[in-house]
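Student: Position in the sequence shown (first residue = 1) + 8 = my numbering.
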Amino acid sequence: MRKCRGMALLMVLVALAVMMSVAAGLSVRYHTLMNETSQLLDSFQARWYVKASDVMAVKIIKQDISDSGGSVNLAQYWAQEGRTFPVEGGTIGGFVSDSQTCFNVNAINTKISGEDNFRNGKEDYVPYLRQVFHDLLIRLEIPENDADIITDSLADFIDPNQDLVSSNGAENPWYAGQKYPYRIPDGPIYDISEIRLVRGMTPEFYRRIRPFVCALPDSRFVININTMRQLNMPLLAALFLDSSVSEDEAWNMLAERPADGYPAGADFVYSDQAMSRESDYTKVMLKEIIGVTSSYFDVHSVITYGNVTSRYSTKIQKVNGKMVAVSSAPEEEQ
Ligand SMILES: [Ca+2]
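As structure tokens, then:
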């Protein structure tokens with residue numbers, strides 16, 4: 009009888025141990041699910057705050073442009089940096105950048121008005137914007153041979169034909185022969201990261217080039233001189249096609265720029281500082297590509313909510329005369 013009671017007690021203890029083990033497992037699973045759900049809800053809320061940030065940026069840019077009669081410059085509210093707004097459960101921060109302070113790769117084959125007058129029947133004439141892009145790569149300490157290949161291959165990547173720009177270029181047959189073959193767009197690209205596929209590009213070269221290039225849905229090439237900051241000077245210097253123009257000299261050229269920007273691009277092109285470094289050729293080119301307004305912006309949002317910090321980049325552009333947010337995506341790691 010005593011033996012039977014002992015067995016029953018043992019079975020009860022074993023059953024208790026099994027139940028405790030199951031309960032502990034359920035508890036861990038429950039907490040994991042709770043954490044996952046909480047993080048998911050935080051990221052949803054953060055995404056809504058990104059939308060709020062975009063709406064606010066569009067409103068401010070529209071108001072600034074309207075107040076200044078079309079000028080886009082660094083004295084305007086949209087250009088203020090380092091502001092963070094508290095919101096329920098977190099913060100909204102970030103900054104807005106003008107996308108017309110970078111080299112628009114979709115314009116690399118665009119002919120500048122007046123350029124033909126300088127061609128003079130030269131078979132080996134290289135279009136101005138290709139020269140500028142090449143000059144920019146050299147300034148970023150990309151070896152000349154690699155710069156030759158990347159520049160001409162980028163031109164082929166974007167142009168709609170399958171004719172090689174030069175022996176340094178690359179069309180579909182070259183890409184078809186690679187380990188992972190692919191077809192090139194032969195047209196404008198949507199996202200600047202696509203240039204990582206261009207012949208000659210390496211992760212290191214892309215890292216160096218990335219801050220100075222963009223892919224706008226526009227084959228025109230217009231730089232807004234009023235929003236150029238010191239960090240953009242490698243590009244401004246490259247526009248002069250003169251290796252003796254340093255980044256510091258380019259920055260000094262803007263010393264006379266009014267706080268609320270030049271009224272017209274010509275005010276920069278005919279400024280004493282710029283004139284002293286322009287050739288007849290670059291003066292004609294600069295007259296065509298230097299502007300004082302912009303139709304493209306990027307909103308870089310940093311949202312903190314709960315335990316989640318989200319970084320998003322939203323493209324804002326003028327569509328049918330109206331500024332609108334057209335796309336938003338997690339910010340690319342630099
Ligand atoms: Ca092509």
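C-beta: ideal position from N, C-alpha, C; glycine also. Just so you know, these numbers come straight off a predicted model, no measurement behind them.
(1) Quick check on this structure: which residue in 160, 86 and 128 has the alpha carbon closest to the alpha carbon of residue 138?
(2) Using DSSP bridges, identify the partner residues of residue 99.
(3) Can you give me the C-alpha to C-alpha distance between residue 242 and residue 328, rounded to a whole angstrom?
(4) Terminal residues of the continuous alpha helix (DSSP H) containing residue 155?
(5) I want to check one thing, is the minimum distance from the CB of residue 179 to the heavy atoms of ligand 1 below 7 Å?
(6) Nearest by alpha-carbon distance to residue 102: which of 310, 222 and 326 is it?
(7) Would you kindly work out how many angstroms separate the C-alpha atoms of residue 299 and residue 106, rounded to a whole number?
(8) Does any heavy atom of ligand 1 sit closer than 7 Å to the C-beta of residue 114?
(9) Does the distance from the CB of residue 86 to the CB of residue 68 come in under 8 Å?
(10) Could you tell me the boundaries of the beta strand (DSSP E) in which residue 261 lies?
(11) Going by DSSP in three states, residue 104 sits in which element: helix, strand or coil?
(12) Touch check for the segment 178-185 and the segment 283-299: three-plus C-beta pairs under 8 Å?
(13) If you run the structure through DSSP and keep just helix, strand and coil, what is residue 47?
(14) May I ask you to list the residues that DSSP assigns as paired with residue 319?
(15) Measuring from the CB of residue 169, is there a heavy atom of ligand 2 at a distance below 7 Å?
(16) When burial is assigned at 16 or more other CB atoms within 10 Å of the CB, is residue 293 buried or exposed?
(17) Going by DSSP, what residue range makes up the beta strand (DSSP E) through residue 334?
(18) Would you tell me roughly how many angstroms separate the C-alpha atoms of residue 325 and residue 168, rounded to the nearest one?
(19) Cβ of residue 194 within 7 Å of any heavy atom in ligand 1?
(20) Within the same chain, show all residues whose beta-carbon is closer than 8 Å to that of residue 211, passing over the 5 residues directly before and after it, in chain order.
(21) Mind checking who residue 222 pairs with in its DSSP beta bridge?
(22) Do you know how far the Cα of residue 257 is from the Cα of residue 220?
(23) Name the DSSP bridge partner or partners of residue 304?
(24) Below 6 Å CB to CB, which residues in the same chain sit around residue 174 once its five sequence neighbours on both sides are set aside?
(25) CB-CB under 6 Å to residue 97, same chain, minus the five flanking residues each way: which ones, in chain order?
(26) Could you compute how far the alpha carbon of residue 135 sits from the alpha carbon of residue 263?
(27) Check whether the Cβ of residue 160 lies closer than 7 Å to any heavy atom of ligand 1, and answer yes or no.
(28) Can you tell me whether residue 236 is buried or exposed, with buried defined as 16 or more other CB within 10 angstroms of its CB?
(29) List the DSSP bridge partners of residue 6.
(30) Note the first and the last residue of the continuous alpha helix (DSSP H) segment covering residue 283.
(31) Could you pull the start and end residues of the alpha helix (DSSP H) that residue 146 belongs to?
Tutor: This is what the structure holds:
(1) 160
(2) 94 and 312
(3) 33 Å
(4) 152-166
(5) yes
(6) 310
(7) 13 Å
(8) no
(9) yes
(10) It is not in any beta strand (DSSP E) - residue 261 instead sits in the alpha helix (DSSP H) that spans 255-261.
(11) strand
(12) no
(13) helix
(14) 310
(15) As far as ligands go, the structure on display features ligand 1 and does not contain ligand 2.
(16) buried
(17) 330-338
(18) 25 Å
(19) yes
(20) 204
(21) 112
(22) 18 Å
(23) 325
(24) 160
(25) 313
(26) 30 Å
(27) no
(28) buried
(29) Outside the shown range of the chain, which is 9 to 342, sits residue 6, and nothing can be said about it.
(30) 280-283
(31) 136-147
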